[in-house]
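Number of protein chains: 2
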Amino acid sequence: MIRLVPSILALAAGCWSAAAAADTLVDNIQGVTIDEDGRIDNFTGLVIGDDGRIREVLDRRDKRPRDIDFQVDGDGRFVIPGMIDSHLHVMGLGFAALTLDLSDTNSLEEAQARIADYAAANPGRRWIIGRGWNQVKWGLDRFPTAAELDAAVADRPVWLERVDGHAGWANSEAMRLAGVGAATADPAGGRIDRVAGTREPAGVFVDAATELVASKVPVPRPGDRDLALRKAQDILLRMGVTAVADMGTTIDDWQSYRRAGDGGWLKVRIMAYASGTNAMELIGGPAPSPWLYRDKLRLNGVKIYLDGALGSRGAWLKQPYADDPGNTGLPLLTGSQLRNLMSRAALDRFQVAVHAIGDAANAEVLAAVEELSDTYAGDRRWRIEHAQIVDPADIAKFGEHGIVASMQPVHQTSDRLMAEARLDSARLEGAYAWRSIADAGATLVFGSDAPVESPDPFAGLAAAFTRRDADGQPFAGWHPEEAVSRERALSAFTSDGAFAGFAEGRFGRLVEGEWADFVMIDRDPLLATPDELRAARVLETWVGGERYYSAAEARESAETRAQAR
Amino acid sequence: MIRLVPSILALAAGCWSAAAAADTLVDNIQGVTIDEDGRIDNFTGLVIGDDGRIREVLDRRDKRPRDIDFQVDGDGRFVIPGMIDSHLHVMGLGFAALTLDLSDTNSLEEAQARIADYAAANPGRRWIIGRGWNQVKWGLDRFPTAAELDAAVADRPVWLERVDGHAGWANSEAMRLAGVGAATADPAGGRIDRVAGTREPAGVFVDAATELVASKVPVPRPGDRDLALRKAQDILLRMGVTAVADMGTTIDDWQSYRRAGDGGWLKVRIMAYASGTNAMELIGGPAPSPWLYRDKLRLNGVKIYLDGALGSRGAWLKQPYADDPGNTGLPLLTGSQLRNLMSRAALDRFQVAVHAIGDAANAEVLAAVEELSDTYAGDRRWRIEHAQIVDPADIAKFGEHGIVASMQPVHQTSDRLMAEARLDSARLEGAYAWRSIADAGATLVFGSDAPVESPDPFAGLAAAFTRRDADGQPFAGWHPEEAVSRERALSAFTSDGAFAGFAEGRFGRLVEGEWADFVMIDRDPLLATPDELRAARVLETWVGGERYYSAAEARESAETRAQAR
Numbered sequence: 001m002i003r004l005v006p007s008i009l010a011l012a013a014g015c016w017s018a019a020a021a022a023d024t025l026v027d028n029i030q031g032v033t034i035d036e037d038g039r040i041d042n043f044t045g046l047v048i049g050d051d052g053r054i055r056e057v058l059d060r061r062d063k064r065p066r067d068i069d070f071q072v073d074g075d076g077r078f079v080i081p082g083m084i085d086s087h088l089h090v091m092g093l094g095f096a097a098l099t100l101d102l103s104d105t106n107s108l109e110e111a112q113a114r115i116a117d118y119a120a121a122n123p124g125r126r127w128i129i130g131r132g133w134n135q136v137k138w139g140l141d142r143f144p145t146a147a148e149l150d151a152a153v154a155d156r157p158v159w160l161e162r163v164d165g166h167a168g169w170a171n172s173e174a175m176r177l178a179g180v181g182a183a184t185a186d187p188a189g190g191r192i193d194r195v196a197g198t199r200e201p202a203g204v205f206v207d208a209a210t211e212l213v214a215s216k217v218p219v220p221r222p223g224d225r226d227l228a229l230r231k232a233q234d235i236l237l238r239m240g241v242t243a244v245a246d247m248g249t250t251i252d253d254w255q256s257y258r259r260a261g262d263g264g265w266l267k268v269r270i271m272a273y274a275s276g277t278n279a280m281e282l283i284g285g286p287a288p289s290p291w292l293y294r295d296k297l298r299l300n301g302v303k304i305y306l307d308g309a310l311g312s313r314g315a316w317l318k319q320p321y322a323d324d325p326g327n328t329g330l331p332l333l334t335g336s337q338l339r340n341l342m343s344r345a346a347l348d349r350f351q352v353a354v355h356a357i358g359d360a361a362n363a364e365v366l367a368a369v370e371e372l373s374d375t376y377a378g379d380r381r382w383r384i385e386h387a388q389i390v391d392p393a394d395i396a397k398f399g400e401h402g403i404v405a406s407m408q409p410v411h412q413t414s415d416r417l418m419a420e421a422r423l424d425s426a427r428l429e430g431a432y433a434w435r436s437i438a439d440a441g442a443t444l445v446f447g448s449d450a451p452v453e454s455p456d457p458f459a460g461l462a463a464a465f466t467r468r469d470a471d472g473q474p475f476a477g478w479h480p481e482e483a484v485s486r487e488r489a490l491s492a493f494t495s496d497g498a499f500a501g502f503a504e505g506r507f508g509r510l511v512e513g514e515w516a517d518f519v520m521i522d523r524d525p526l527l528a529t530p531d532e533l534r535a536a537r538v539l540e541t542w543v544g545g546e547r548y549y550s551a552a553e554a555r556e557s558a559e560t561r562a563q564a565r
Numbered sequence: 001m002i003r004l005v006p007s008i009l010a011l012a013a014g015c016w017s018a019a020a021a022a023d024t025l026v027d028n029i030q031g032v033t034i035d036e037d038g039r040i041d042n043f044t045g046l047v048i049g050d051d052g053r054i055r056e057v058l059d060r061r062d063k064r065p066r067d068i069d070f071q072v073d074g075d076g077r078f079v080i081p082g083m084i085d086s087h088l089h090v091m092g093l094g095f096a097a098l099t100l101d102l103s104d105t106n107s108l109e110e111a112q113a114r115i116a117d118y119a120a121a122n123p124g125r126r127w128i129i130g131r132g133w134n135q136v137k138w139g140l141d142r143f144p145t146a147a148e149l150d151a152a153v154a155d156r157p158v159w160l161e162r163v164d165g166h167a168g169w170a171n172s173e174a175m176r177l178a179g180v181g182a183a184t185a186d187p188a189g190g191r192i193d194r195v196a197g198t199r200e201p202a203g204v205f206v207d208a209a210t211e212l213v214a215s216k217v218p219v220p221r222p223g224d225r226d227l228a229l230r231k232a233q234d235i236l237l238r239m240g241v242t243a244v245a246d247m248g249t250t251i252d253d254w255q256s257y258r259r260a261g262d263g264g265w266l267k268v269r270i271m272a273y274a275s276g277t278n279a280m281e282l283i284g285g286p287a288p289s290p291w292l293y294r295d296k297l298r299l300n301g302v303k304i305y306l307d308g309a310l311g312s313r314g315a316w317l318k319q320p321y322a323d324d325p326g327n328t329g330l331p332l333l334t335g336s337q338l339r340n341l342m343s344r345a346a347l348d349r350f351q352v353a354v355h356a357i358g359d360a361a362n363a364e365v366l367a368a369v370e371e372l373s374d375t376y377a378g379d380r381r382w383r384i385e386h387a388q389i390v391d392p393a394d395i396a397k398f399g400e401h402g403i404v405a406s407m408q409p410v411h412q413t414s415d416r417l418m419a420e421a422r423l424d425s426a427r428l429e430g431a432y433a434w435r436s437i438a439d440a441g442a443t444l445v446f447g448s449d450a451p452v453e454s455p456d457p458f459a460g461l462a463a464a465f466t467r468r469d470a471d472g473q474p475f476a477g478w479h480p481e482e483a484v485s486r487e488r489a490l491s492a493f494t495s496d497g498a499f500a501g502f503a504e505g506r507f508g509r510l511v512e513g514e515w516a517d518f519v520m521i522d523r524d525p526l527l528a529t530p531d532e533l534r535a536a537r538v539l540e541t542w543v544g545g546e547r548y549y550s551a552a553e554a555r556e557s558a559e560t561r562a563q564a565r
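Chains A and B are the protein sequences, given in the same order. FYI, in the UniProt record's numbering the residues of the first sequence are 1 to 565. FYI, in the UniProt record's numbering the residues of the second sequence are 1 to 565.
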């Protein structure tokens with residue numbers, strides 16, 4: 001039985017009262033961490049200092065210290081470092097949990113019914129906002145239309161983001177309020193889906209064109225933002241994620257993170273990458289921020305979008321899409337613009353993270369890093385986010401200039417059928433090429449791109465070493481030569497993730513001196529079958545020596561509430 | 001001789017290391033503070049705890065504690081609470097110190113020469129930026145012109161703010177870049193000065209019209225902002241100011257304040273009032289911020305401008321200006337807009353501070369407070385900033401609803417001749433009416449409106465109880481019945497200033513439990529003659545138990561630097 005640890009450290013206004021802290025021994029565990037050489041280290045006990053850092057890592061033979069204030073009996077449970085998601089959207093995840101989520105709809109009809117129900121259940125909401133639809137998942141070979149959305153809700157504006165965030169679906173009322181019509185031109189870097197044979201907007205807007213409607217949606221109130229942040233943190237901690245790289249932090253997002261830190265409710269560590277260089281300058285000022293709230297928050301650098309997404313055919317390819325001749329996707333920046341933005345960031349030592357999905361985009365950012373590395377020398381850790389479709393001839397370049405490849409295993413399993421439709425077999429050789437990119441010498445880190453996918457890191461781990469989805473498909477794995485080992489996958493979700501964010505030595509490893517960020521699960525992550533791993537239950541999640549999530553407590557609370565009704 | 005106190009508390013990342021702190025006894029001083037009844041309390045020693053708060057206040061007969069780590073011999077010097085400036089512009093003060101300052105020019109010709117010299121000395125600056133000009137001080141009965149500015153600098157754009165911040169002077173190149181010409185209409189709430197008999201812009205832009213040119217000026221880099229903040233703090237601490245109300249904080253300003261707090265170099269306490277409700281929402285979110293960095297920073301509420309300034313005839317009057325028939329000034333908001341903004345703030349418990357200079361503006365905000373007080377009950381401390389020209393019939397209303405009148409004594413002494421030109425004698429009865437407004441029951445607090453005036457609080461104190469300027473004019477005081485007592489003046493610059501910012505109990509009084517914010521000066525503030533008081537030398541300035549300014553050390557540093565050359 002796990003003796004409960006009293007909730008300790010009251011974090012008031014960023015200053016931590018030493019008097020209330022205590023040394024804690026978490027014993028009788030089967031612990032795993034990755035050492036600096038990428039090898040597994042095992043241990044059976046952790047001593048957490050009164051400052052929330054690991055004081056000692058104990059193996060079976062080590063004497064247990066006596067000056068302990070609290071003891072937790074791990075009951076033989078498995079302990080891994082807190083999982084680090086190196087690419088997600090914190091506020092997007094939170095808002096998705098608070099708004100209409102269509103990601104589990106399997107047909108257009110099902111989505112229409114869900115939307116209509118949601119609208120009926122929320123009569124006071126002026127706009128119906130939601131996300132997560134995916135026409136590929138619906139078996140639709142085209143985008144849905146405004147008319148189809150009107151069939152669900154016609155009396156109020158409706159605006160629904162596609163699952164990848166790169167397209168939006170509006171009803172007629174929303175388009176009317178946005179003032180878009182046949183005369184509206186496609187904006188640079190975007191496309192308005194139009195009724196065949198006409199210029200009439202059909203309902204869906206791709207990439208930069210989404211702004212035409214999105215700009216009319218009422219912005220969330222600050223209280224809503226804070227609620228979304230609380231939601232996001234609950235979801236992440238429940239899934240065993242203790243640190244994230246937030247890809248596209250706005251000043252509004254940052255203010256919520258700071259309120260959380262000031263108020264003592266920032267639990268998950270957030271490595272923030274600002275939404276463009278203006279936000280980077282506003283948030284960080286003359287340089288990246290210091291680590292704040294005891295390494296819970298830092299503005300590391302900037303997130304730059306070079307192209308769109310594969311599903312919406314916005315990813316920038318060297319050759320046209322296999323299923324859309326003549327269309328090579330949408331570069332969102334010229335080569336000069338890209339280099340200017342990267343330079344602006346690097347000039348003040350902000351870290352650069354560039355979204356590049358198509359092979360043309362990846363080639364472009366690799367070339368830009370090559371060119372800028374003379375001027376901006378030193379330990380830059382240029383990040384390429386997604387690196388999803390790479391020309392096999394370009395893979396070797398990932399090993400240069402200390403590049404970090406930030407990839408999302410569950411994208412491969414979710415997208416494989418779509419990818420096979422978009423690309424011919426030669427190009428699939430460089431698709432989701434985790435192994436090759438890592439072997440080329442890049443630092444490989446993993447994430448989920450939540451809320452585009454669920455932030456469940458165990459699904460990511462299982463996909464990473466099997467190249468099979470939750471249904472076990474395809475049986476031999478999809479391009480199984482690109483699978484990585486379990487150890488590398490775990491490393492990419494822990495210590496390498498910390499390194500990618502300049503956080504090595506602070507968290508990511510269960511070693512003396514680092515923060516006590518760990519997850520207690522109910523099975524061996526290195527021996528469980530893929531299915532068993534996908535079904536792993538997170539029992540406890542600790543960050544900085546504080547237990548922020550306990551499945552047992554969550555269950556008890558739910559039971560108490562049920563009884564109270 | 002004053003034994004030096006070692007610099008103690010290392011404020012790292014907002015968290016304060018207890019091990020380095022120490023108890024300090026500041027003894028052998030002639031201390032003064034104002035108690036809760038507005039009366040003088042004297043003391044001869046202060047014990048500062050290791051947390052930076054006052055542990056004990058000692059009078060002559062009290063035993064001195066023994067458990068003291070450091071002792072300062074005050075040598076009979078006078079000690080007052082740190083002065084609180086209840087209305088200034090922190091970043092404006094800082095930038096003014098870094099850019100061209102024309103506030104001490106006495107003629108147009110002198111200003112032109114100064115501008116030309118500055119431009120020649122700064123060949124790399126694309127725009128010549130400055131502030132502080134005052135055509136009244138130049139003896140000019142009109143605004144200066146673009147042509148006169150071209151005579152100083154014609155090859156680069158020049159943009160110079162009038163001393164009160166309510167007008168700007170552009171040269172032809174600046175107007176060209178701004179695209180303003182004869183076809184440009186006066187924007188709402190603003191006025192373009194035009195060449196007589198034509199529509200051609202003459203060079204000066206008043207109130208909202210300043211945006212036409214100001215919007216083209218390159219924004220400061222974040223590093224420049226931080227430098228301006230450092231400068232502002234140095235100036236304030238040197239003058240004995242330990243806390244301020246920042247009137248019009250932007251998100252960029254707030255970010256600099258936070259960087260200072262995070263980095264341990266926020267020395268002066270800043271009670272921030274956001275620049276409008278959008279900034280208020282962005283900075284504070286769903287509510288005023290908590291007190292941050294040990295009561296050094298808080299987003300209290302919002303600053304709203306209802307009218308302009310008297311000098312530029314933007315102040316909103318009930319009857320026309322005596323020297324400009326037909327012109328009653330410029331209300332910047334309709335009554336509905338004002339009430340909407342005030343409601344928006346009060347809804348989320350943000351404090352409201354409304355700039356009202358003219359008697360019509362004051363009447364309007366008094367009426368708005370009256371109407372909103374039913375809906376927004378409780379301890380609101382509605383602030384009226386300046387309250388400069390008040391219809392005597394309206395003065396009694398200042399005593400209702402807990403209104404705070406935030407006024408600037410040095411405005412009266414600087415502006416009296418201009419005020420006499422703008423207004424007839426009946427209206428002068430209610431001008432800078434500190435005594436009447438306080439007697440009506442308002443909480444009276446004082447400030448400087450720096451950089452419009454110098455933030456020197458001793459000039460403010462001297463003006464407050466004499467109604468005479470630095471030259472002793474007019475001899476009997478200007479409308480001397482409106483002078484306040486020395487005690488009230490000191491209170492308005494200390495404890496009442498804290499109350500006005502919801503900081504009572506934290507700072508503003510030298511009593512047990514409050515922060516050790518105090519100033520050591522070389523003369524008795526309650527007995528010195530006005531001239532002696534104006535010449536008071538600040539010897540040391542302490543905030544939160546840290547000595548941030550020492551005249552002796554400053555002198556030694558300057559001598560060392562001089563010897564090094």
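Beta carbons are placed, not taken as given, at the ideal position from N, Cα and C, and that holds for glycine.
{"Asked": "Hey, could you find the ends of the alpha helix (DSSP H) tryptophan 254 of chain A is sitting in?", "Found": "251–263"}
{"Asked": "Can you name the residues that DSSP bridges to proline 201 of chain A?", "Found": "A:Arg194"}
{"Asked": "Can you list, in chain order, the stretches of the beta strand (DSSP E) that have 3 or more residues and sit fully within the segment 61–136 of chain B?", "Found": "70–73, 78–81, 83–88, 128–133"}
{"Asked": "Can you pull the chain B neighbours of arginine 259 of chain A, defined as C-beta to C-beta under 7 Å?", "Found": "Gly285"}
{"Asked": "If I follow the unbroken alpha helix (DSSP H) through asparagine 327 of chain B, where does it start and stop?", "Found": "First-last for asparagine 327 of chain B: undefined, no H or E at that position."}
{"Asked": "Between the alpha carbons of residue 593 of chain B and methionine 239 of chain B, how many angstroms are there, rounded?", "Found": "The first residue shown for chain B is 1 and the last is 565, placing residue 593 of chain B beyond what the model contains."}
{"Asked": "Could you check where the alpha helix (DSSP H) with asparagine 28 of chain A kicks off and where it finishes?", "Found": "Note, asparagine 28 of chain A: premise wrong, no alpha helix (DSSP H); not H, not E."}
{"Asked": "Give the range of the beta strand (DSSP E) segment to which arginine 427 of chain B is assigned.", "Found": "That residue, arginine 427 of chain B, is in no beta strand (DSSP E); its alpha helix (DSSP H) goes 425–428."}
{"Asked": "Considering only residues of the same chain and omitting the five flanking positions on each side of isoleucine 231 of chain A, which have a CB-CB separation below 7 Å?", "Found": "The residue you asked about is not isoleucine; residue 231 of chain A is lysine in the sequence shown. So the qualifying residues of the chain are Gly94, Ala97, Leu98."}
{"Asked": "Please list the partners that glycine 223 of chain A has in chain B, where partner means a Cβ-to-Cβ separation under 7 Å.", "Found": "Pro286"}
{"Asked": "For the segment 301–322 of chain B, list every residue whose C-beta sits within 8 Å of some C-beta in chain A, in sequence order.", "Found": "none"}
{"Asked": "Out of curiosity, what's the CA-to-CA distance linking leucine 237 of chain A and alanine 287 of chain A?", "Found": "30 Å"}
{"Asked": "Give a single yes or no on whether glycine 189 of chain B has its beta carbon closer than 7 Å to a heavy atom of the ligand GDP.", "Found": "Ligands are entirely absent from the displayed structure, and the ligand GDP is therefore not among its contents."}
{"Asked": "Per DSSP, which residues does arginine 383 of chain B bridge with? Please list them.", "Found": "B:Ala353, B:Val404"}
{"Asked": "Can you tell me whether glutamate 211 of chain A is helix, strand or coil according to DSSP?", "Found": "helix"}
{"Asked": "Figure out for me which residue from B:Gly505, B:Ala368, B:Asp27, B:Ala442 has the closest Cα to the Cα of arginine 339 of chain B.", "Found": "B:Ala368"}
{"Asked": "Identify whether serine 550 of chain A lies in helix, strand or coil by the three-state DSSP scheme.", "Found": "strand"}
{"Asked": "Can you list, in chain order, the residues of its chain with a C-beta nearer than 8 Å to that of isoleucine 115 of chain A? Leave out the 5 residues immediately preceding and following it.", "Found": "Leu100, Leu102, Ile128, Gly130, Leu149, Ala152, Val153, Val158, Leu160"}
{"Asked": "Does any residue of chain A bring its CB to less than 8 Å from the CB of serine 107 of chain B?", "Found": "no"}
{"Asked": "Within 10 angstroms of the Cβ of glutamate 173 of chain B, are there 16 or more other Cβ atoms? Answer buried if so, exposed if not.", "Found": "buried"}
{"Asked": "Which same chain residues end up closer than 8 Å to alanine 22 of chain A when comparing Cβ atoms and leaving out the 5 residues on each side of it in sequence?", "Found": "Ile8, Asp50, Asp69, Phe70"}
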